[in-house]
Amino acid sequence: MMNQLNRWPVWVIFGLGLIVLPFLIKDFRVFQLSLMLIYAIALLGLNILTGYGGQISLGHGAFYAIGGYCAAILMDRFGVPYLATIPVAAVVCFAAGILMGFPALRLGGHYLALATFALALAMPQLLKFKHFEAFTGGVQGIILMKPTPPVEFSLFGQPLSEDRWLYFMVLAVTVIMFVIARNLLEGRIGRAIVAVRDQPIAAGALGVNLAVTKTITFGVSAAFTGVAGALGAITVAFVAPDSFNVFLSISFLVGVVVGGLASIPG
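Counting from 648, one number per residue, gives the positions in the sequence shown under the numbering used here.
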């Protein structure tokens with residue numbers, strides 16, 4: 648308990664630093680910080696599946712693309728407010744993850760990795776499909792307008808620009824997603840996910856539904872990545888099929904391994 652209390656000053660200083668930092672650097676660097684936070688959410692989603700669930704995915708770039716295009720289409724074609732597109736992207740990607748989770752019930756290890764790899768390869772081609780061009784924009788993609796800050800504010804002589812506002816929005820969503828992940832993984836559901844990974848037979852004997860747990864894990868993981876994709880589309884203000892190639896999925900997996908499997912801070 649005392650250790651947790653002693654950490655509060657550190658977290659307060661760290662939080663103040665994150666708030667002040669954007670006003671001390673140029674807009675482009677702020678934009679890069681936003682992308683770092685967005686990728687952190689995507690890696691967190693993949694870590695739930697691979698680190699905690701023990702299921703290897705080489706296709707999470709596809710869920711990132713689905714989230715990004717979901718936000719872009721809703722904003723550009725239907726005029727939906729950008730903040731409202733984020734939960735919609737999460738729901739759509741959760742459903743897509745559930746569908747992808749069904750093959751995961753029969754596949755594992757390298758076979759599951761190959762199946763998800765095929766999804767990553769197919770996604771850019773699906774986005775270019777001529778019958779979807781009315782929504783996806785085809786090869787050219789969709790160009791968006793960056794949201795304007797809701798208030799006028801300045802600090803150290805630097806105004807609250809579009810990039811700085813997007814940084815704070817992304818930072819807030821990042822904190823929310825990490826809190827959700829921590830509560831999820833440290834609770835009953837998280838223990839069930841780890842039990843299915845380490846001792847599936849024993850977990851089944853104790854009443855854990857292996858099929859449901861694996862499928863839900865895939866869905867939750869995809870939802871996190873979809874949120875990252877939506878934030879990426881809003882921040883970059885552009886989506887195109889070739890932005891979501893297979894190397895994006897590989898980069899996600901490498902990032903999870905380097906950061907630390909089954910580690911939320913990693």
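From the three backbone atoms N, C-alpha and C, an ideal C-beta is built for every residue, glycine too.
How long is the line joining the alpha carbons of residue i and residue j, rounded to whole angstroms?
i      : j      : result
Val659 : Leu668 : 14 Å
Ala767 : Asn892 : 7 Å
Leu791 : Leu761 : 34 Å
His778 : Val735 : 23 Å
Val886 : Ala842 : 38 Å
Tyr699 : Val855 : 16 Å
Gly834 : Lys793 : 38 Å
Ala852 : Val657 : 44 Å
Thr860 : Leu721 : 31 Å
Phe815 : Val822 : 11 Å
Ile703 : Trp655 : 36 Å
Gln805 : Val874 : 29 Å
Phe678 : Ala850 : 44 Å
Pro797 : Val727 : 16 Å
Phe894 : Leu671 : 33 Å
Arg724 : Phe782 : 7 Å
Leu663 : Ala765 : 43 Å
Leu759 : Leu908 : 18 Å
Val883 : Arg844 : 36 Å
So, are the CB atoms of residue i and residue j less than 9 Å apart?
i      : j      : result
Ile881 : Tyr686 : no
Leu690 : Gly906 : yes
Ile695 : Phe871 : yes
Val739 : Gly714 : yes
Leu752 : Thr862 : yes
Ala731 : Phe710 : no
Gly748 : Thr864 : yes
Leu693 : Leu900 : yes
Asp674 : Ser808 : yes
Pro888 : Gln772 : yes
Ala712 : Met770 : yes
Val820 : Ile733 : yes
Out of the options, state which residue places its alpha-carbon closest to the alpha-carbon of residue i.
i      : options                           : result
Leu665 : Leu680, Pro656 and Ala731         : Leu680
Ser801 : Arg811, Lys793, Pro794 and Met792 : Arg811
Phe661 : Gln846, Ser890 and Leu818         : Leu818
Gly837 : Glu809, Ile713, Ser868 and Leu807 : Ser868
Leu684 : Gly784, Leu774 and Phe825         : Phe825
Gly876 : Cys717, Leu813, Gln787 and Val901 : Cys717
Gly708 : Pro750, Leu908, Leu746 and Thr763 : Thr763
Ile840 : Gly701, Ile688 and Lys673         : Gly701
Asn830 : Arg676, Phe675, Ile911 and Asp674 : Ile911
Leu754 : Val786, Ala858 and Val820         : Ala858
His757 : Ala737, Ala719, Leu813 and Thr697 : Thr697
Ile688 : Leu759, Gly879 and Ile897         : Gly879
Leu682 : Gly785, Leu813 and Ile745         : Leu813
Is DSSP giving residue i helix, strand or coil here?
i      : result
Ile897 : helix
Pro728 : coil
Ile789 : strand
Met648 : Note on Met648: pLDDT 47, under 50, position unreliable in the model; the coordinate value appears next. Three-state DSSP puts Met648 in coil, outside helix and strand.
Phe710 : helix
Val855 : coil
Val776 : The sequence given here places Phe at residue 776; Val does not occur at that position. In the structure shown, Phe776 sits in coil (DSSP, three-state: anything other than H, G, I, E or B).
Thr795 : coil
Tyr691 : For the sequence presented, residue 691 should be read as Leu rather than Tyr. If DSSP states are grouped into helix, strand and coil, Leu691 belongs with the helices.
Leu892 : One point to set straight first is that residue 892 is Asn, not Leu, in the sequence displayed. Coil at Asn892, not helix or strand.
Ser704 : coil
Arg753 : coil
Leu908 : coil
Leu818 : helix
Gly834 : coil
Gly784 : coil
Ile672 : coil
Gln679 : helix
When DSSP builds the beta bridges, which residues end up paired with residue i?
i      : result
Leu802 : Gln805
Phe935 : Because the chain here runs from 648 to 913, residue 935 falls outside it and cannot be looked at.
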